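One structure is given here, and the rest of the page talks about it.
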Amino acid sequence: MRRALDQLWGERAAAFRREIFPYLRFMAQSGFPGFVVLLLILTAIGYGTLLREPPPGFPALAVGVLLLTPVLSWSPLRTWLHPADTVFLMPRESEMGAYIRRAVIYNGAATLLLLLLALAVYWPLYDRIVTHDYTIGIIALVLTLLKLLNMHHVWTERRMAWPGARWTSRVVRWLLHAAMITILLDPDMTMGRSLLFISLASIAYALWLRKPRQHHFPWERLIEEEQATRRRYYRFLGAFIDVPVLAPRVHRRRYLAWLAARVSYSGSHAYRYLFGYTMTRSEIGGILTRLVVLGGIVGYLTGSGRLLEGWGAAAAYLLFVFIVSVQARSVTMIHRHAVWRHIYPLPEATRQASAVGAVRATAALCACLMWLPLAAGLIGQGLYAAAAAAAILAALYVLVLLPRRTQRQLAAPDDD
155 MRRALDQLWG ERAAAFRREI FPYLRFMAQS GFPGFVVLLL ILTAIGYGTL LREPPPGFPA
215 LAVGVLLLTP VLSWSPLRTW LHPADTVFLM PRESEMGAYI RRAVIYNGAA TLLLLLLALA
275 VYWPLYDRIV THDYTIGIIA LVLTLLKLLN MHHVWTERRM AWPGARWTSR VVRWLLHAAM
335 ITILLDPDMT MGRSLLFISL ASIAYALWLR KPRQHHFPWE RLIEEEQATR RRYYRFLGAF
395 IDVPVLAPRV HRRRYLAWLA ARVSYSGSHA YRYLFGYTMT RSEIGGILTR LVVLGGIVGY
455 LTGSGRLLEG WGAAAAYLLF VFIVSVQARS VTMIHRHAVW RHIYPLPEAT RQASAVGAVR
515 ATAALCACLM WLPLAAGLIG QGLYAAAAAA AILAALYVLV LLPRRTQRQL AAPDDD
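In this note's numbering, the protein residues as written are 155 to 570.
Right, dumping it as structure tokens:
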């Protein structure tokens, strides 16, 4: 008797939780959760200070758009599908509706709660600075409806046959959501006019989604997303303990390729060349790019907002430097068990030195790029000491502590 597919979804979800649970223990023992709790406490203190004494001209509306747009537009879908399912489950494609329904409910409920939590955190700031006649219940209801529509739109995107159409749809959807949230929170707009714009924009976008060619069931896209999600889990856990190595996905990223191209293509720079292109073409490059952009935005907003007289902004910047460094260090795990290391006559010391250099250079570049908007915000408020202290501490960590930690990780006995 064949199993029900919704039951299969539950079994695979439980199997994945059992798979990563041992690694979560090591992560918990590393002290990282305590660091996160400390960060949350400091953030709460800084947010309370901002609510009590908001600086003149603080861009509360822009902060709301930057905070709510990502959580509204982000709709992941954990399907637990494997490449072999194109053989064993494809004959039952007509029954996959129940399977996907479980995934949509599971992920949709989590992301909807995240959206409402973000709104609950942001609303005191909006209510404190912006003069308006809205209630949080009305805004929450509108955002909930938009979230449900977004889940449907994202599923339609996944079914699109051409990657270019998916990319265009995603960009348009994010821009529309930013515009909708801006109009929804704008105190000069009446609720009726805001809802009229949101309704017309939603209808126009839904009609446009019908134009691109679509698959009936996007097997390849769902499997690709599932593998990418698993790689992200294991890349994060790999910072604390050895984890299974999954096949990496390669991206061209022309906007970053010129950095790796500066490395000389010669035998003496073989490992440096390898780690340079690994950093830019693997998923690490995309993660670092997003972190730098987010860190720069947070640094400027907290700096210009005089968070804890600038010291809160400096602490937020140093947190991003730490996170970027952790991600950069994960490049050392990608080729750790590659067979070609034992075939080509390249010195092991050269590999370790090149890996340390790549991590240090990447973290230093990211730290500098994030420090510039932070400094612009702090110096504009006359907070020179906080800007200088952030730069000094970041340089100390990136140029001194980070290389030592990376070297110890590479020299560990199990690094063979």
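Positions of the beta carbon are idealized from the N, C-alpha and C atoms, including for glycine.
Everything numeric in this text was worked out from a predicted model, so none of it was measured.
{"Check": "Beta-carbon proximity check, residue 243 vs residue 235, cutoff 9 Å", "Outcome": "yes"}
{"Check": "Validate contact between the region 460-476 and the region 535-544 using beta carbons, cut 8 Å, 3 pairs", "Outcome": "yes"}
{"Check": "C-alpha gap between residue 314 and residue 554, whole angstroms", "Outcome": "48 Å"}
{"Check": "Cα-Cα separation, residue 218 to residue 352", "Outcome": "17 Å"}
{"Check": "Residue range of the unbroken alpha helix (DSSP H) whose run includes residue 465", "Outcome": "465-483"}
{"Check": "Alpha carbon of residue 474 to alpha carbon of residue 523, nearest angstrom", "Outcome": "11 Å"}
{"Check": "From 369, 425, 486, 336, residue whose alpha carbon lies closest to that of residue 226", "Outcome": "336"}
{"Check": "C-alpha distance - residue 424 paired with residue 376, whole-angstrom precision", "Outcome": "36 Å"}
{"Check": "Among 298, 320, 299, nearest to residue 308 - alpha-carbon criterion", "Outcome": "320"}
{"Check": "Runs of alpha helix (DSSP H) wholly within the region 313-387 (minimum 4 residues, chain order)", "Outcome": "317-339, 345-363"}
{"Check": "Span separating the alpha-carbon of residue 286 from that of residue 270", "Outcome": "20 Å"}
{"Check": "Backbone secondary structure at residue 287 - three-state DSSP", "Outcome": "coil"}
{"Check": "Coarse secondary structure for residue 565, derived from DSSP in three states", "Outcome": "coil"}
{"Check": "Assigned secondary structure, residue 155 (DSSP; H/G/I helix, E/B strand, else coil)", "Outcome": "Its pLDDT being 40, under 50, residue 155 is placed unreliably in this model, and the value from its coordinates should be taken loosely. Residue state, collapsed to three classes: coil."}
{"Check": "Beta-carbon separation (whole angstroms), residue 359 vs residue 325, contact threshold 8 Å", "Outcome": "Not a contact, Cβ separation roughly 12 Å."}
{"Check": "Inter-residue CB distance, residue 222 and residue 282 (contact presumed, cutoff 8 Å)", "Outcome": "The pair is not a contact, with the Cβ atoms about 17 Å apart (cut-off 8 Å)."}
{"Check": "Residue of 450, 193, 373, 442 minimising C-alpha distance to residue 478", "Outcome": "442"}
{"Check": "Range of the contiguous alpha helix (DSSP H) that encloses residue 238", "Outcome": "Run containing residue 238: none; DSSP gives neither H nor E here."}
{"Check": "The region 162-169 contacting the region 249-264, beta-carbon criterion three pairs below 8 Å", "Outcome": "yes"}
{"Check": "Own chain, CB closer than 7 Å to residue 570, minus 5 neighbours either side, in chain order", "Outcome": "A caution first: residue 570 carries a pLDDT of 44, below 50, which makes its placement in the model too unreliable to give a value."}
{"Check": "Bounding residues of the alpha helix (DSSP H) (the contiguous stretch that carries residue 452)", "Outcome": "437-458"}
{"Check": "Simplified DSSP state of residue 508, which is helix, strand or coil", "Outcome": "helix"}
{"Check": "Assigned secondary structure, residue 271 (DSSP; H/G/I helix, E/B strand, else coil)", "Outcome": "helix"}
{"Check": "Cutoff 6 Å; reference residue 504; Cβ partners in own chain excluding five residues on either side", "Outcome": "425"}
{"Check": "Alpha-carbon spacing of residue 439 relative to residue 346, whole angstroms", "Outcome": "44 Å"}
{"Check": "Whether residue 266 touches residue 310 by CB criterion (9 Å)", "Outcome": "no"}
{"Check": "Residue range of the alpha helix (DSSP H) that includes residue 212", "Outcome": "Premise fails: residue 212 is in no alpha helix (DSSP H) and is neither H nor E."}
{"Check": "Under the three-state DSSP convention, the category residue 229 falls into", "Outcome": "coil"}
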